[in-house]
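Engineer:
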Ligand SMILES: CC(C)(COP(=O)(O)OP(=O)(O)OC[C@H]1O[C@@H](n2cnc3c(N)ncnc32)[C@H](O)[C@@H]1OP(=O)(O)O)[C@@H](O)C(=O)NCCC(=O)NCCS
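In this note's numbering, the protein residues as written are 420 to 592.
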């Protein structure tokens, strides 16, 4: 599968992406805004393990590499929730710092959102953004998400409690 935007291709992670994954993911400025299950430092062995998990995961894929000019420069994903929240997925995304500020995250998130509603039965997509990450909040707003709540002290990251802003986009009826 392959999702195209004006400048980007969203496609499954594959063998051969390891080096670019490490190059872009091994950055504290990326890690500081993500969940702790995103490793730091990000090693070649982390990259191999991640790509192996993605290759083994059920289809259609929920974690995708974002490719620009033939190189994986970041990732986007859907994390399905469970039980009574099973029609909700969390969206996530990150890009190598060298590529920030060009509108790539917005372009990729818009396409991921379309894919999520077209290919899965989600009613609701949500994102938890640390209050210290206004760039990501802006990306979500540009992609049509609305801030629904402030979850006070809901994250503990890098030794301190942070408020999270909960952004949501519902399936259009
Ligand atoms: C957050 C992130 C995905 C943004 O990627 P990007 O490709 O630079 O995003 P875009 O260029 O599409 O949009 C960024 C927007 O934020 C704005 N922005 C950047 N820094 C900002 C700041 N400090 N305060 C307010 N707005 C800011 C930009 O001006 C732009 O908005 P505009 O188009 O209205 O000018 C990228 O910085 C990243 O990967 N960060 C680390 C991982 C992460 O935070 N993931 C999201 C977790 S919720």
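We treat Cβ as the ideally placed atom computed from N, Cα and C, and that holds for glycine. Remember, it's a predicted structure, so these values are computed and weren't measured experimentally.
(1) Near residue 479, what residues of its chain come up, given a Cβ to Cβ distance below 7 Å and the 5 sequence neighbours on each side ignored?
(2) With burial defined as no fewer than 16 other Cβ atoms inside 10 Å of the residue's Cβ, what is the status of residue 492: buried or exposed?
(3) Taking only the alpha-carbon atoms, compute the straight-line gap between residue 387 and residue 592 and give it to the nearest angstrom.
(4) Applying the 10 Å Cβ sphere with the 16-neighbour rule, what's the burial state of residue 503?
(5) Hey, would you say the C-beta of residue 461 is under 7 Å away from at least one heavy atom of ligand 1?
(6) Taking only three categories from DSSP, how would you classify residue 532?
(7) Could you please give me the residues that DSSP links to residue 587 through a beta bridge?
(8) Between residue 459 and chain D, is any beta-carbon pair separated by less than 8 Å?
Structural biologist: If we stick to the structure as given:
(1) The sequence position of residue 479 within the chain shown is 60, counting from 1. Only 420, 538 meet the Cβ criterion.
(2) Here residue 492 refers to the residue found at position 73 of the chain shown. Buried.
(3) Lying before the first or after the last residue shown, residue 387 is absent from the chain, which here runs from 420 to 592.
(4) The residue you call residue 503 lines up with position 84 of the chain shown. Residue 503 should be labelled exposed.
(5) Residue 461 sits at position 42 when you count from the first residue of the chain shown. Result no, Cβ not under 7 Å from ligand 1.
(6) Against the chain shown, residue 532 aligns to sequence position 113. Reduced to three states, the DSSP call for residue 532 is helix.
(7) The residue you call residue 587 lines up with position 168 of the chain shown. According to DSSP, residue 587 bridges with 545, 565.
(8) The question asks about chain D, but that chain is absent: this structure has only one protein chain.
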